[in-house]
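Mapping the sequence shown onto the UniProt record's numbering, position 56 (from 1) lands on 56, and the numbers just tick up by one. Cβ coordinates follow ideal geometry from the N, Cα and C atoms, glycine included. Please read all numbers here as calculations on a predicted model, not as lab measurements.
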Amino acid sequence: MKSYSVFPFCTILFFCTSLFVVVSCGGFFRKKIQNSPLNDPRKMLLVRIDPGHLGEFKEKTEGKYPISYQETDSYYSVMSREDIEKFGFPSPGITIVKQYFPFKYYSGNYQDLIKEQFTGLDDLKKGYKDNILNIHYLLGVASRYPERARMEVIGKTARGREIPALLLTNTNLSNEEKISVLFNCAHHANEVISIEHCYDIIYSVLSEPKRYEEILNKMKIWVVPIVNPDGARHFWHVSNLMGRKNGHPGIGPVNDKLNPGVDINRNYPFFGEKREGVILLRILPTIFIEGLQRDRSPKQRR
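Written out as structure tokens, the structure is:
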């Protein structure tokens with residue numbers, strides 16, 4: 001009979017805690033990125049610029065606001081409400097977008113990133129990621145670091161989209177006795193910053209091979225940057241009002257036109273019980289979170 005060595009519980013806890021602390025605390029010493037509530041209409045608005053007025057826009061704003069998205073007959077930029085009034089907008093050829101456009105109009109450099117080839121880990125820091133960019137980066141990482149990373153599809157969504165994951169481990173060693181740990185992000189796909197937490201783990205582990213050598217020899221680190229690809233598709237390419245839920249077609253509340261589906265972050269058993277999710281937060285309904293009754297919709301599989 002084949003025998004297996006068993007890691008004591010304290011050893012497992014030590015490795016998991018060490019990984020979390022090192023990756024998390026490392027953020028305190030990194031260069032900070034300026035926070036900007038891009039798609040919060042209370043603070044920022046999307047401005048549409050006719051091609052013939054692009055020069056006027058750049059002159060008035062003194063180059064402060066770059067173009068975030070470009071179409072054949074329009075340019076777009078995300079501006080603060082305060083500066084919109086300061087620079088005298090709206091004006092002929094420069095208007096305020098009142099519809100809730102997809103997030104790709106707000107993200108800043110989506111059209112540039114979608115055209116680029118993967119060149120290395122620094123690419124992971126260039127901007128926010130939709131499903132397309134997520135797969136692009138995971139494949140790029142797995143291809144560049146085959147001895148420490150492998151991309152796998154762990155399942156499909158209700159709408160048939162694949163859920164990609166990156167496995168970080170020493171691929172030259174057997175997986176039989178390795179400890180598995182999971183990091184997942186973007187249950188609410190409209191919380192795009194959460195995806196960057198998963199990519200921070202990928203960057204940290206792969207950029208310091210000596211530091212994480214023992215961990216990768218003894219552990220399988222599963223990283224799922226976007227748990228909710230259906231929601232991400234809605235948020236990035238349909239409307240920035242959407243994406244918190246999974247877009248699953250159904251009956252009753254899940255057929256809400258503005259925010260279809262169910263909240264998959266409310267679909268985990270509470271303390272192991274198989275029952276309806278319970279909202280623990282007491283907040284006012286908003287366009288992003290629609291209150292108690294909305295979240296208590298019939299539960300659906302991802």
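Asked	Found
Residue nearest to G155 in terms of C-alpha spacing, selected from V181, K64, L124 and L166	L166
Proximity of residue 304 and G52 at Cβ, strictly below 8 Å	Given a span of 1 to 302 for the chain in the structure shown, any question on residue 304 remains unanswerable.
Residue closest to F183, alpha-carbon to alpha-carbon, out of K245, P164, W222 and N109	W222
Per-residue burial, S180 [other beta carbons within 10 Å of its own, 16 or more giving buried]	exposed
Nearest neighbour of A149, chosen from E162, L133 and T169 [CA to CA]	T169
Inter-stretch contact (C-beta, 8 Å, three-pair minimum) for the segment 120-128 and the segment 48-68	no
Which listed residue (S204, C185, I201 and Y203) has its alpha carbon closest to that of V195	Looking at the sequence itself, residue 195 is Ile, so the reference to Val does not match. When only C-alpha atoms are compared, the closest one is C185.
Candidates F57, N265, P209 and P225: closest to R244 by CA position	N265
Contacting residues, own chain, Cβ-Cβ under 7 Å from L46 (five flanking each side not counted)	Y76, V78, V97, F101, Y105 and Y106
Exposure of P90, with buried meaning 16 or more beta-carbon neighbours within 10 Å	exposed
Bridge partners - Q70, DSSP secondary structure assignment	Y75
Alpha carbon of N246 to alpha carbon of H237, nearest angstrom	14 Å
Nearest-angstrom beta carbon gap, N267 and F235 [assumed within contact, 8 Å]	At roughly 19 Å, the Cβ-Cβ gap does not stay under 8 Å, so F235 and N267 are not in contact.
Length of the line joining the Cα atoms of S204 and F103	27 Å
For L54 and I114, the rounded distance between their alpha carbons	23 Å
Selection from I163, L216, Y212 and V192 that minimises the alpha carbon distance to L38	V192
Residue burial classification, T157 (beta-carbon count within 10 angstroms, cutoff 16)	buried
Given D230 as reference, the closest of K58, S207, P164 and Y110 once Cα atoms are compared	P164
Per-residue DSSP class, three states only, for A165	strand
Residues that DSSP places opposite R150 in a beta bridge	L167
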